[in-house]
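See below for the structure under consideration.
Residue numbers (the numbering used here), protein chains in the order written: chain P, 49 to 389; chain A, 70 to 613.
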C-alpha cells in the first residue's frame with residue numbers, strides 16, 4: 049500500500065497543522081477538534097500525522113501498548129518482556145461503532161467455543177499512548193460520547209459487564225473532525241478537546257492549483273514526490289523530538305501567566321481549563337520554536353485554537369467565536385504590529 | 070441535453086470507471102428503476118472487478134470481516150470470514166439514498182485508503198433524498214439517467230484495449246481544472262483530482278499519450294457539473310479568475326486552455342433549473358446526513374425489553390444468559406448426537422440478542438407565514454416568537470425544521486437539524502411579501518412530519534400565521550377555497566396524529582384561525598397577548 053500523503057506537503061491550513069503538531073509535542077493538550085468543510089484535508093492531515101510521529105517503544109504483543117512489562121495488564125497474559133518499536137497508534141473510531149467495540153467486551157468466540165471467560169480489548173485499548181480519530185464526531189451517538197468523555201477524563205477504561213471486571217489505561221489524544229452544518233457538539237465533549245480549529249476551503253486559486261499539483265504528483269509520480277518530501281517530514285519529526293525534550297525546561301515568566309489570565313477573563317471563558325490549555329499550548333509552541341521562554345507571540349499564535357470553543361455561547365448568537373477571540377486579543381495585547389516580540 | 074447524449078456520456082463514464090476504478094473513486098448513478106438503469110447495472114457487472122452488492126442495512130461484520138458465528142459453532146473452532154471491504158474491491162451500494170451515517174463513515178474510510186471504488190445506486194424519488202455527502206464527496210463520477218428513454222439506449226461496450234499508454238497531463242491543463250472547479254464554487258479539494266484522473270483515463274482509452282481538450286471537457290462534465298455551487302459567469306465576462314501575479318514574471322503561466330471552454334462544457338451539462346435548486350440543494354445536503362433519528366426499538370440503550378432470537382451482526386449485543394438458557398435443554402441430546410467431549414453445545418438458533426426500547430428524538434417543525442399581510446403586521450415579532458421557541462427546542466435538544474410560505478408556495482427552508490445557528494440564519498433571511506398560501510404551508514408541514522416520522526423522529530408542528538388565507542392549494546387567489554383547503558389540511562394533520570400549536574401573529578385575533586386550530590386539535594395562542602413566558606409554556610404543553 050502507498051505511504052500516506054506527507055504531512056509537510058499539505059498546502060496551507062496552517063492553524064490545523066500547528067494544532068496537530070502541538071498535541072504531538074504535549075499530549076496533555078488532550079486533543080484537537082477540526083471543524084470545517086468537506087474535502088479540506090482533515091482526514092489527510094490526520095493520516096499524515098500518524099506517519100510523521102516518532103515511533104513508540106512497547107512491550108511485544110501487549111494489547112494496551114504498555115511501555116514496560118510491569119505495566120501490562122494481567123488479563124492480557126503477555127508472555128514476552130521484549131520491547132519493540134512501532135509507529136504511534138492512530139485508531140479510527142467509526143461512527144456506527146458499538147459500545148463493545150469501543151470499550152472491549154467478553155470474547156464471545158472464546159466463551160462459546162472453549163467455554164473460557166476472556167476479555168477482548170476494544171478500540172480504547174488499541175489507542176492507548178496514541179491517537180483516537182473520530183471523523184464526523186458531531187454525528188456520534190450520545191451514549192458513545194458519554195463513554196468517551198468518561199475515559200478521556202480518567203485516562204482509564206473500566207469494563208464492568210457480562211461478569212467481567214477489567215480496567216486498563218487508556219490515555220490518548222482525541223482528534224475529532226466534522227462539519228458544523230450537520231449538527232453541533234455537546235459542550236461537555238467540546239471542552240475535552242484542548243484545541244479547536246476551523247478549516248475552510250482555500251479561496252485563493254493559486255493555493256488550490258498547488259493542492260492539485262501536489263496531489264497529482266503524489267498519485268502519478270510517487271517516488272519522486274516522496275523523495276522530495278520525506279526528508280522534510282524527517283526534519284519535522286526531529287524537531288518534534290527536540291521540542292519534546294526541551295518542553296520541561298521552557299520557562300513561563302510571570303508576565304506570561306498574567307497575560308493568560310487577563311485574556312481568559314476578558315473573553316469570559318468558562319472554567320480554568322482554558323488558561324491551562326492556553327499556557328500548555330504556548331509552552332509547546334515555544335519548545336517547537338526552540339525558545340526557552342513563553343512570549344506573547346506564542347500566546348497570540350495559540351490563543352484562537354485554545355479558546356474559541358470555550359466561550360460562553362448564546363446558541364442564537366451568530367457572531368463567530370473566532371472573531372471574538374481575535375478582537376479580545378487586540379484589546380488585551382494591543383494591535384498586532386506594535387506587539388513585536 | 071438529449072437522452073441520446075446522456076446515454077453516450079454514460080457509456081463513456083462506464084469505460085472510464087472500468088479503466089481506473091480507484092483513481093475515480095467510483096460512480097454515483099442516479100436513476101429510477103427502468104430499462105436504462107438495468108442496462109447500466111448489467112454493464113457494471115462486466116467491470117474488470119465485478120462489484121459486490123451491498124444494501125444500506127448491511128451488518129458491519131459483513132463489511133469488515135470477523136468471526137462467522139454459525140460456522141464457528143458447528144465446527145467448534147473459530148471460523149473467520151473475510152469482509153467485503155478488501156483492497157481493490159468494487160462495492161455497489163443499492164438504495165444509496167437510505168445509507169446511514171455509520172455505513173457512510175465506514176465506506177468513506179475505506180475509500181480514503183485509496184484502493185477501491187464505490188458505486189452508489191441512488192433511487193431517490195425526489196430532491197429530498199440524497200446519498201450521504203460524506204460519500205458523494207469521495208466519488209468522482211456522476212450520472213443521472215432521468216431523461217434517458219428506452220429508444221435512446223444502445224449497447225454498452227465495456228471492452229478495454231489490451232495495452233493502455235501512459236498519459237501525461239500538462240501542468241497548464243491540470244491548473245485549468247483547478248481554476249474551473251474554483252469558479253464553479255466547488256469548495257471541496259477532491260473533485261479536481263477526480264477530474265484529472267478522468268481526463269487521463271479518457272486519453273488512455275483513446276490510445277493517446279497526451280490529454281486533449283475534449284478529455285478535459287468530458288472530465289469536467291462528469292466530475293464537476295453535479296457539484297457546481299455557483300453558476301459560472303456568462304461567456305462574455307472574464308470568467309477565469311485573473312492570475313496577474315504569474316504574468317509578471319516574463320513567461321505567462323496562464324493556462325493555455327481557456328477556462329471558458331471548460332466552463333462551457335460544464336454549463337452545457339448543468340441542469341437548466343440549477344439556480345433555483347442551488348439553495349435547496351445546500352440545505353438538503355446538510356440535512357440528510359444528520360437527520361436520521363433514533364428508532365423506537367433499538368438494541369443499544371433505553372429500557373430493556375425481553376431478549377429475542379437473532380443473529381450477531383455486529384450491531385446487536387448478545388444476551389449471554391438468555392442464550393445459555395435457550396441452549397440448556399438441548400445439551401444432553403446434542404452431546405449424545407455429537408459424541409465429542411465439548412462441554413457446551415450451542416447452535417446459532419440459540420443466540421438471543423438484547424433489545425431496548427427508547428423514546429425517539431423530537432422534531433419541532435416551524436411553519437412560518439411570510440406573506441405580505443403578515444409582513445405588514447408583525448413578521449418581525451413572529452420571528453422573535455420563533456426564536457423563543459428555538460431556544461426552548463435547544464434546551465430540550467430537539468431537532469428543528471423551518472418551512473416558510475408566501476406567494477403561492479411553501480418551501481422547506483431547513484430540513485430537520487439540531488443546528489440552531491442554521492435555523493437562526495434561515496429565519497433571519499426569510500423575506501416577506503405576497504399572498505398567504507396557508508393550505509400549502511400546512512401541506513408542506515404535513516409532508517415533512519411524515520418523512521421525519523419515517524426517520525424515527527416524533528414530529529410536532531408550530532404554525533405561525535395571521536390566518537388571512539387567500540391562496541388555495543391549486544395556487545388560485547380565492548379566499549373561500551383557500552380557507553376551505555386550509556381547514557382540510559388541518560383535519561388531515563389531526564388524523565395523522567401530529568401534535569401542534571397555532572400562534573396567531575395578526576394584529577387582531579382571527580376567528581377563522583381559532584377554528585382552524587380546533588380542526589387541527591391544537592392549542593391556539595394569539596401573539597398580542599402572548600409574552601415569552603406564555604409562549605414557552607404553550608410549547609411545553611404541546612411537547613410534553
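Beta carbons: idealized from backbone N, C-alpha and C, even for Gly.
Taking contact to mean 3 or more Cβ pairs, one atom from each stretch, closer than 8 Å, check whether the region 147-159 of chain P and the region 126-133 of chain P are in contact.
no
Secondary structure at residue 98 of chain A, three-state DSSP: helix, strand or coil?
The sequence position of residue 98 of chain A within the second chain is 29, counting from 1. It is a strand residue.
By the three-class DSSP mapping on this structure, what secondary structure does residue 469 of chain A have?
Locating residue 469 of chain A in the second chain gives position 400, where the first residue counts as 1. DSSP places residue 469 of chain A in strand when its eight states are reduced to three.
For residue 374 of chain A, does the count of other Cβ atoms within 10 angstroms reach 16, so buried, or fall short, so exposed?
As a first step, residue 374 of chain A is located in the second chain; it is residue number 305 there, counting from the start. In the assembly as shown, residue 374 of chain A is an exposed residue. Its beta-carbon has fewer than 16 other beta-carbons within 10 Å.
Out of A/209, A/518, A/214, A/563, state which residue places its alpha-carbon closest to the alpha-carbon of residue 87 of chain P.
Start at 1 with the first residue of the first chain, and residue 87 of chain P comes out as number 39. The option with the nearest alpha carbon to residue 87 of chain P is A/209.
I'd like to know if residue 261 of chain A contacts chain P, where contact means its C-beta is closer than 7 Å to some C-beta of that chain.
Taking the first residue of the second chain as position 1, residue 261 of chain A is located at position 192. Taking Cβ atoms only, chain P reaches closer than 7 Å to residue 261 of chain A, which makes this a yes.
Would residue 52 of chain P pass as an interface residue toward chain A - the criterion being a Cβ-Cβ separation below 7 Å?
Indexing the first chain from 1 puts residue 52 of chain P at position 4. Output row for residue 52 of chain P: interface = no.
Distance, Cα to Cα, residue 204 of chain P vs residue 270 of chain A?
Within the first chain, residue 204 of chain P is the residue found at index 156, counting from 1. Within the second chain, residue 270 of chain A is the residue found at index 201, counting from 1. Looking at the two C-alpha atoms, the distance is approximately 51 Å.
Please determine, among A/259, A/244, A/219, the residue with the shortest C-alpha to C-alpha distance to residue 202 of chain A.
Here residue 202 of chain A corresponds to residue number 133 of the second chain, with the count starting at 1. Measuring from the Cα of residue 202 of chain A, the nearest candidate turns out to be A/259.
Counting along the chain, where does the alpha helix (DSSP H) carrying residue 515 of chain A start and finish?
On the second chain, position 446 is the one that residue 515 of chain A refers to. Element bounds for residue 515 of chain A: 507-523.
Pick out the complete beta strand (DSSP E) segments inside the region 523-552 of chain A, 3 residues or longer, and give them in chain order.
527-534
Under the rule that 16 or more other beta-carbon atoms within 10 Å means buried, what is residue 593 of chain A, buried or exposed?
Within the second chain, the letter at position 524 stands for residue 593 of chain A. Burial call: buried.
How many angstroms separate the CA atom of residue 74 of chain A from the CA atom of residue 291 of chain A?
Stepping through the second chain from its first residue, residue 74 of chain A is reached at position 5. Stepping through the second chain from its first residue, residue 291 of chain A is reached at position 222. So the alpha carbons of these two residues sit roughly 13 Å apart.
Measuring straight from C-alpha to C-alpha, what distance separates residue 565 of chain A and residue 141 of chain P?
For the purposes of this step, residue 565 of chain A is identified with residue 496 of the second chain, where counting begins at 1. For the purposes of this step, residue 141 of chain P is identified with residue 93 of the first chain, where counting begins at 1. One C-alpha to the other measures close to 40 Å.
Can you round the beta-carbon distance between residue 279 of chain P and residue 112 of chain P to whole angstroms, since I take them to be within the 8 Å contact cut?
Taking the first residue of the first chain as 1, we reach residue 279 of chain P at position 231. Taking the first residue of the first chain as 1, we reach residue 112 of chain P at position 64. 34 Å between Cβ atoms; not a contact.
List the residues of chain P whose Cβ lies closer than 7 Å to the Cβ of residue 187 of chain A, in chain order.
Here residue 187 of chain A refers to the residue found at position 118 of the second chain. Against chain P, the beta carbon of residue 187 of chain A has no neighbour under 7 Å; the closest one sits roughly 16 Å away.
Can you find a CB in chain A that lies within less than 7 Å of the CB of residue 184 of chain P?
For the purposes of this step, residue 184 of chain P is taken as residue 136 along the first chain, with counting starting at 1. Interface residue, yes.
Is the region 434-444 of chain A touching the region 523-540 of chain A in the sense that three or more CB pairs, one from each, lie closer than 8 Å?
yes
Might you give, ordered along the chain, the residues of its own chain that have their beta carbon closer than 7 Å to the beta carbon of residue 546 of chain A, omitting 5 neighbours on each side?
As a working mapping, residue 546 of chain A is identified with position 477 in the second chain. Excluding positions up to five away in sequence, the list reads 504, 539, 540.
Nearest to residue 157 of chain A by CA position, among A/167, A/143, A/192, A/121, is which residue?
Here residue 157 of chain A corresponds to residue number 88 of the second chain, with the count starting at 1. That would be A/121, whose Cα lies nearest to the Cα of residue 157 of chain A.
Could you tell me the alpha carbon to alpha carbon distance between residue 551 of chain A and residue 431 of chain A, rounded to whole angstroms?
Mapped onto the second chain, residue 551 of chain A falls at position 482. Mapped onto the second chain, residue 431 of chain A falls at position 362. Cα to Cα, residue 551 of chain A sits roughly 30 Å from residue 431 of chain A.
Within 10 Å of its beta-carbon, does residue 491 of chain A have 16 or more other beta-carbons around it, so buried, or fewer, so exposed?
Here residue 491 of chain A is taken as the residue at index 422 of the second chain, counted from 1. Buried, because 16 or more other Cβ atoms sit within 10 Å of the Cβ of residue 491 of chain A.
Identify every residue that forms a DSSP beta bridge with residue 279 of chain A.
As a first step, residue 279 of chain A must be located in the second chain, where it is residue number 210. Answer is A/237, bridged to residue 279 of chain A.
So, with DSSP's three-state summary, where would you put residue 110 of chain P?
Translated into positions along the first chain, residue 110 of chain P becomes position 62. Residue 110 of chain P falls in the coil class under three-state DSSP.
Name the residues in the region 331-352 of chain P whose C-beta lies less than 8 Å from a C-beta of chain A; which are they?
none
Measuring only the C-alpha atoms, how far is residue 257 of chain A from residue 391 of chain A?
Here residue 257 of chain A refers to the residue found at position 188 when the second chain is read from its first residue. Here residue 391 of chain A refers to the residue found at position 322 when the second chain is read from its first residue. Cα to Cα, residue 257 of chain A sits roughly 50 Å from residue 391 of chain A.
Following the continuous beta strand (DSSP E) through residue 436 of chain A, name the residue where it begins and the one where it ends.
Stepping through the second chain from its first residue, residue 436 of chain A is reached at position 367. That run of the beta strand (DSSP E) goes 431-438.
Determine contact between the region 240-251 of chain A and the region 90-106 of chain A, defined as no fewer than three beta-carbon pairs at a distance below 8 Å.
As far as the Cβ criterion goes, the region 240-251 of chain A does not touch the region 90-106 of chain A, which means the pair count is below three.
Looking at C-alpha atoms only, which residue of A/395, A/511, A/460, A/127 is the closest neighbour of residue 165 of chain A?
To locate residue 165 of chain A, count along the second chain from 1; it is residue 96. Among A/395, A/511, A/460, A/127, the Cα nearest to that of residue 165 of chain A belongs to A/127.
From residue 137 of chain P to residue 281 of chain P, what distance separates their C-alpha atoms?
The residue labelled residue 137 of chain P in the question sits at position 89 within the first chain. The residue labelled residue 281 of chain P in the question sits at position 233 within the first chain. Near 18 Å, if we compare the C-alpha coordinates of residue 281 of chain P and residue 137 of chain P.
Which chain A residues are close to residue 249 of chain P, counting only those with a beta carbon under 8 Å from its beta carbon?
Position 201 of the first chain, counted from the first residue, corresponds to residue 249 of chain P. Simply 256, 257, 258.
Going along the chain, which residues of the region 82-112 of chain A sit with their C-beta nearer than 9 Å to a C-beta in chain P?
92
Going by DSSP, what residue range makes up the alpha helix (DSSP H) through residue 94 of chain P?
For this step, residue 94 of chain P is matched to residue 46 along the first chain. Note, residue 94 of chain P: alpha helix (DSSP H), 90-100.
Looking only at C-alpha atoms, which of A/454, A/381, A/452 sits nearest to residue 418 of chain A?
Reading the second chain from its first residue, position 349 is the one you call residue 418 of chain A. Measuring from the Cα of residue 418 of chain A, the nearest candidate turns out to be A/381.
If we ignore side chains and look at the alpha-carbon of each, how far apart do residue 453 of chain A and residue 481 of chain A end up?
Position 384 of the second chain, counting from 1, holds the residue named residue 453 of chain A. Position 412 of the second chain, counting from 1, holds the residue named residue 481 of chain A. The alpha-carbon atoms of residue 453 of chain A and residue 481 of chain A are separated by roughly 19 Å.
So with CB distances below 9 Å, who are the chain A contacts of residue 195 of chain P?
Here residue 195 of chain P refers to the residue found at position 147 when the first chain is read from its first residue. Under the 9 Å cutoff, chain A gives no residues; its nearest Cβ is about 11 Å from residue 195 of chain P.
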